[in-house]
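Chains as they are written, first to last, in our numbering: chain A, -19 to 314; chain B, 719 to 989.
All remarks here apply to the structure that follows.
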């Protein structure tokens, strides 16, 4: 079942033209000339219930603007958007009941209130019944390890603690769809891992549909099976992470550390090429479609003494760099 | 998902009002300073009116004690219903918090109104302290009858709603301009004057009085005070209350219209 549908979504921002020089401020104030920027330029995608989708793009690509149209905060300039059968900007309040939103850069918690009071307020705002509220709070407190700071005012929390609080707040009323806009920005490794584990568990156990924007590709590798890649407001890729890697990084590498360093430049393996050789190490590149990893390794071991060996998977980061460098639309063949 | 019950909606707004009351109280020092300013203003107004009256028993048929009572109450009332930070909208927009407000399942205007009510509720105890002082400093008189006292409470309630609607309407201009400091300053001066919060409307020249009477500001300050002082009674009183109610309906409709336009102009500051 499709829960989020965007079709040919466009958002333009119009600002009065700025003037510089003498009387520039006054001219800016009085001008009837406007400059228009197109932040989102015809984005379309369908997201099925229970999917965990990474929505990626460089700064200013239009990610947050899209999320804000899906949540009903911004009204699209043109195009259609529908979330669980509701047009978000037309029925903003109804839409708000079945979505949870976490903005990494701003908190929905009340600055001066203890975390617990913020939660209680959210319970009231979303009209959460007691028999749902208490088990949820208990479960999230345990999963996100929040017991120690539930009574601390939000302004005194560390960033990691606050983000955990924000995540729990967004899920207290069991929304069907969770939007995470850079949820791990500025967090340390442990805090990131905790957030990811929580999101993965919600997605698995409750079937919560998750849409995640992030610059941290570890988030994506850890959580998402599908990504939508945008740049300059347009979709560049929409499909599986594995398919993207297969297309852009079809090679695997095996790094071999030889017992006799001078043999490094002499390693020859059928169907594999020497990508690099230095310090007694050699990187062998091969296409997994034509030759198995095991055969490559066996071929090396048959002729050389090896002290260490590693299989190198292509990283999503490299793949995405490559795509942005080309900046062209790719048809995803799934 | 079903629509929330009215009780749930009220509870949600009640919760928002309480939070705002809490944050208002966090800035207690501001209010203490505010009360001092209020007392100084009341004292100065008394000096001015005493000088104006000098040896005359009445000016334009109004005696000194009525005028002083008017000036004192008007100042307190305006101070209470127009806190210095009289609309939360500009701050929410400038800090990009509007994104959070708009992801809540309750109406934005409802949140704004609930927030204002909460702020006033937090100020109310200060008024309890301020009123006896201002009466001592400024001098005041009780309403001429119990009926006038009751009518004053009703009229004051309507006036408060008008004040909130006006502040919200002005606050919404933030969606067009983003920077509103100077504009608000002008609005404050003009509204305070035309509301009769500085000089009673009965002393204004006819043309200015006419201008004031066709604008909503006087219904937010002058009307309840004229009721309190017994200058509006009988059919005039009924007409004044109807005018107040009319302004509420009209301002609410305008606010809804402006908000529906503003929604198309939402820009979230800071990404």
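Glycine included, C-beta positions come from ideal geometry on N, C-alpha and C.
Measure the C-alpha to C-alpha separation of residue 719 of chain B and residue 78 of chain A and round it to an integer number of angstroms. Caution is warranted here: a pLDDT of 46 is assigned to residue 719 of chain B, below 50, making its placement in the model unreliable, and the coordinate value is therefore given only provisionally. Residue 719 of chain B and residue 78 of chain A: Cα-Cα distance of roughly 8 Å.
Considering residue 785 of chain B, what are the terminal residues of the alpha helix (DSSP H) in which it resides? 782 to 799
Could you list which residues in chain A have their beta carbon closer than 8 Å to that of residue 814 of chain B, in chain order? 86
Closest Cβ-Cβ distance between residue 886 of chain B and chain A: below 7 Å? no
Could you name the residues of the same chain whose beta carbon sits closer than 6 Å to that of residue 845 of chain B, not counting the 5 residues immediately before and after it, in chain order? 798
What would DSSP say about residue 314 of chain A, mapped onto helix, strand or coil? Any reading at residue 314 of chain A must be qualified, since the residue scores a pLDDT of 38, below 50, and its modelled position is unreliable; no value is offered.
Under 7 Å, Cβ to Cβ, is there at least one residue of chain A near residue 746 of chain B? no
Identify, in the order they occur along the chain, each residue of the same chain with its Cβ nearer than 6 Å to the Cβ of residue 313 of chain A, setting aside the five sequence neighbours on each side. Per-residue confidence for residue 313 of chain A stands at a pLDDT of 42, beneath the threshold of 50, marking its modelled position as unreliable; no derived number is given.
Straight-line Cα distance separating residue 158 of chain A from residue 113 of chain A: 18 Å
Quick one: grab the DSSP three-state call for residue 214 of chain A. strand
At what residues does the alpha helix (DSSP H) containing residue 953 of chain B begin and finish? 953 to 980
Taking only beta-carbon positions, decide if residue 312 of chain A is within less than 7 Å of chain B. Reliability of the predicted coordinates at residue 312 of chain A is poor, the pLDDT of 48 falling under 50, and no value is obtained from them.
Counting only the same chain and skipping the five closest in sequence on each side, list residues whose C-beta sits under 7 Å from that of residue 229 of chain A. 294, 298, 299
Relative to the alpha-carbon of residue 251 of chain A, which residue among A:241, A:91, A:198, A:280 has its alpha-carbon at the smallest distance? A:280
Taking residue 214 of chain A and residue 23 of chain A to be in contact with their CB atoms under 8 Å, please state how far apart those CB atoms are, rounded to whole angstroms. 7 Å
Considering just the uninterrupted stretch of the alpha helix (DSSP H) at residue 180 of chain A, what are its terminal residues? 169 to 186
So for residue 886 of chain B, helix, strand or coil by DSSP? helix
Selection from A:275, A:208, A:29, A:276 that minimises the alpha carbon distance to residue 42 of chain A: A:208
Could you list which residues in chain B have their beta carbon closer than 8 Å to that of residue -7 of chain A, in chain order? 985
Hey, which unbroken runs of the alpha helix (DSSP H) at 4 residues or more fall wholly within the stretch 69 to 138 of chain A? 72 to 77, 95 to 105, 110 to 123
Going along the chain, which residues of its own chain have a beta-carbon closer than 8 Å to the beta-carbon of residue 286 of chain A, five neighbours each way excluded? 236, 237, 238, 239, 280
For residue 960 of chain B, count neighbouring C-beta atoms within 10 Å of its own C-beta (all shown protein chains included) and say buried if the count is 16 or more, exposed if not. exposed
Mapping the DSSP letters down to three states, classify residue -6 of chain A as helix, strand or coil. strand
What in chain B is Cβ-close to residue 18 of chain A, meaning under 7 Å? In chain order: nothing, as chain B lies at least about 14 Å away.
Going by DSSP, what residue range makes up the alpha helix (DSSP H) through residue 203 of chain A? 197 to 203
Tell me the residue span of the beta strand (DSSP E) that contains residue 856 of chain B. Counting along the chain, residue 856 of chain B falls outside any beta strand (DSSP E), though it belongs to the alpha helix (DSSP H) covering 826 to 856.
Residue-chain proximity (residue 949 of chain B, chain A), Cβ-Cβ < 7 Å: no
Along chain A, which residues have their Cβ under 7 Å away from the Cβ of residue 741 of chain B? 92
When you compare only the Cα positions, how much space is there between residue 769 of chain B and residue 52 of chain A? 59 Å
First through last residue of the beta strand (DSSP E) which encompasses residue 35 of chain A: 32 to 36
Starting from the beta carbon of residue 825 of chain B, find every residue of chain A whose beta carbon is closer than 9 Å, and list them in chain order. 72, 73
So, helix, strand or coil for residue 821 of chain B, using DSSP? coil
At a Cβ threshold of 7 Å, is residue 246 of chain A touching chain B? no
If the criterion is Cβ atoms closer than 7 Å, does the pair residue 673 of chain B and residue 912 of chain B meet it? Nothing about residue 673 of chain B can be read from this structure; chain B reaches only from 719 to 989.
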